[in-house]
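One structure below.
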Amino acid sequence: MGNTGSGNKRDRAFSTDTDPPSSPGKDDRAFEFTTSSSRKSRFIYQASLDDSEDFPSFRKGDADIRPRASTLEGNSQLNAPLPTVFKWEGGGKDVCISGTFTNWKPIPMVHSHGDFVVILDVPEGDHQYKFMVDGQWPTLLPEPNHVMLNHLYALSIKDGVMVLSATHRYRKKYVTTLLYKPI
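Mapping of the sequence shown onto the UniProt record's numbering: residues 1 to 183, in sequence order.
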């Protein structure tokens, strides 16, 4: 019972050698791959980023080396579209989204768990968009109360960044300025 021997000589896969195997030394190779002279070797050494030189060196036969995963090739796209999730939580029966990425054509959103959601492939860059709720373009910001006007507020302090806001009235419009300040 337990780790006691059973009396059988089955240790080390029927080996008669009593010495434990030694570890490879500094100059020893852990694996040795030999190829015949008629076949080209399929194992290619590729240095890590720490070992790489500042300027690449080109040797004969480098054309067979495949590029690293982080290397951009000539035919790769820098501004490839990215899947982007848009979510409307303001209620309604029929919600659409339109923006510069759709040439302002409305795209219907799917009703899911009380919210409206859509996933669109949007190219990288700055875009503008609006939600259309039941045929109306709602204003997303509530009208500020008199306490918020002409005052400076520290809205939040998170992750070493302080958010300050100031709201001013200009005729019938309200202008809110946000300042993100690292602390």
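Built from N, CA and C at the ideal position, the CB exists for glycine as well.
Query, Result
"Please state the DSSP three-state secondary structure of T139.", "coil"
"Which residues in the same chain have their Cβ closer than 7 Å to the Cβ of P108, if we skip the five residues on either side of it in sequence?", "C96"
"With burial defined as no fewer than 16 other Cβ atoms inside 10 Å of the residue's Cβ, what is the status of W104: buried or exposed?", "exposed"
"In angstroms, rounded to a whole number, what distance separates the CA positions of E89 and I157?", "25 Å"
"By Cβ distance below 6 Å, which residues in the same chain neighbour L120 in space, the five residues on each side in sequence not counted?", "T84"
"In the DSSP assignment, what residue or residues form a beta bridge with T176?", "T167"
"Out of K172, R171, V161 and H127, point me to the one whose CA is closest to P182's CA.", "V161"
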